[in-house]
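Numbering (the numbering used here), first residue to last: 113 to 428.
Below is one structure, written out as structure tokens, with a few remarks after it.
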Ligand code: GH3
Ligand code: MG
Ligand code: MG
Ligand code: MG
């Protein structure tokens with residue numbers, strides 16, 4: 113385990129640290145509650161051993177602050193064991209009330225300390241498995257199963273947050289809506305399974321174009337999502353008008369260049385998509401207006417012959 117050992121008495125923490133090291137744990141030392149909070153952030157310990165009486169900030173106050181830090185992180189909880197000169201019933205009750213999980217005497221016999229640390233290591237292992245499972249769940253809940261892009265639910269959540277931030281800062285914001293051309297005919301001609309493969313390839317082309325744009329720093333936080341069916345959206349916070357136009361045109365070209373055979377798609381003979389874009393120089397008002405504008409531009413791209421991008425004015 114990674115153990116954060118907090119004690120102002122250096123002699124005591126040196127002895128305790130040596131014993132914990134001997135049991136195979138990694139130990140980080142802090143000499144008071146204030147330092148403990150900083151080290152807690154840096155070191156992300158599996159366990160905190162916390163003295164109670166310390167200068168600058170005592171152990172109860174430090175525990176309170178650590179619990180407050182954890183409260184804003186989903187599922188975050190680190191066991192905190194108070195260290196005391198006397199492990200009386202009264203001290204134990206106070207320690208638990210203060211947000212601790214146990215109380216042990218500093219002069220605990222070595223085998224007892226070893227056994228307690230073993231039990232804590234089991235808890236730490238369980239916690240790690242649980243965090244990994246939670247991360248996986250979160251990933252699954254935000255991912256579109258077919259294409260691997262963000263799903264609609266995640267896109268909505270993330271876009272709302274990015275829009276609110278852009279409004280607060282007066283940043284620019286752009287939305288691209290992308291719709292595959294004559295995709296019903298693709299399904300009718302090649303079958304739905306081939307249709308699914310086509311969706312995957314096109315999603316991956318869109319994702320790659322967005323990734324390149326972010327890597328080249330033409331955009332920073334742009335992301336692509338499956339909006340629904342054969343429609344995709346790209347959300348681009350903080351973008352210049354030229355970079356937005358470049359990304360939009362790159363996406364249309366990248367899809368065309370996938371060269372996925374589509375006999376029933378007009379003159380091209382390969383799968384293509386139409387794109388509608390809307391951009392504002394300063395985010396303000398409701399986001400739905402920007403989506404509606406991008407949608408109108410998408411209709412225009414279809415009307416004007418497909419396999420093209422139609423972008424609204426920056427002042428829209
Ligand atoms: P347009 O160029 O005007 O966009 O024509 P379109 O045929 O692409 O548009 P339409 O909305 O008529 O058809 C969309 C098709 O996309 C119909 C639907 O079966 C197909 N589609 C939607 N989701 C999926 C999917 O997950 N897999 C497959 N294979 N097809 C899908
Ligand atoms: Mg002390
Ligand atoms: Mg459609
Ligand atoms: Mg379509």
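Each residue gets a CB set at the ideal place from its N, CA and C atoms; glycine is no exception.
Check whether residue i and residue j have beta carbons under 7 Å apart
i           : j           : result
residue 195 : residue 150 : no
residue 137 : residue 166 : no
residue 336 : residue 358 : no
residue 386 : residue 405 : no
residue 142 : residue 118 : yes
residue 169 : residue 144 : yes
residue 410 : residue 388 : yes
residue 407 : residue 289 : yes
residue 115 : residue 152 : no
residue 261 : residue 338 : yes
residue 418 : residue 293 : yes
residue 403 : residue 318 : no
Proximity to residue i [Cα-Cα], best of the options
i           : options               : result
residue 302 : 371, 256, 289 and 376 : 376
residue 193 : 187, 167, 157 and 186 : 157
residue 245 : 197, 187, 274 and 256 : 187
residue 173 : 212, 199, 341 and 155 : 212
residue 202 : 216, 408 and 191      : 216
residue 124 : 197, 159 and 115      : 197
residue 235 : 190, 272, 269 and 389 : 190
residue 161 : 266, 287, 239 and 218 : 218
residue 340 : 177, 241 and 256      : 256
residue 424 : 240, 328 and 356      : 356
residue 420 : 360, 329 and 297      : 360
residue 298 : 130, 147, 129 and 378 : 378
residue 159 : 238, 199, 120 and 122 : 238
Run of the alpha helix (DSSP H) containing residue i, from where it starts to where it stops
i           : result
residue 116 : That residue, residue 116, is in no alpha helix (DSSP H); its beta strand (DSSP E) goes 114-118.
residue 194 : Element bounds for residue 194: not the alpha helix (DSSP H) but the beta strand (DSSP E), 192-196.
residue 351 : Note, residue 351: premise wrong, no alpha helix (DSSP H); not H, not E.
residue 123 : 122-134
residue 84  : Missing from the structure shown is residue 84; the chain here goes from 113 to 428 and no further.
residue 148 : 145-155
residue 174 : 171-183
Segment limits, beta strand (DSSP E) that includes residue i
i           : result
residue 220 : It is not in any beta strand (DSSP E) - residue 220 carries neither H nor E in the DSSP assignment.
residue 161 : 159-163
residue 138 : 138-142
residue 415 : Per DSSP, residue 415 belongs to no beta strand (DSSP E); it is in the alpha helix (DSSP H), 399-415.
residue 421 : 421-423
residue 372 : Unbroken run through residue 372: none, as it is neither H nor E.
residue 387 : 385-392
Does the stretch 243-253 come into contact with the stretch 346-355, if we say contact requires no fewer than three beta-carbon pairs (one atom in each stretch) closer than 8 Å? no
Which ranges does the alpha helix (DSSP H) cover as unbroken runs of at least 4 residues, wholly within the stretch 272-340, from first to last along the chain? 295-302 and 304-327
Evaluate the contact criterion for the stretch 279-290 versus the stretch 208-225: three or more CB pairs, one atom per stretch, below 8 Å. no
Evaluate the contact criterion for the stretch 261-277 versus the stretch 363-376: three or more CB pairs, one atom per stretch, below 8 Å. no
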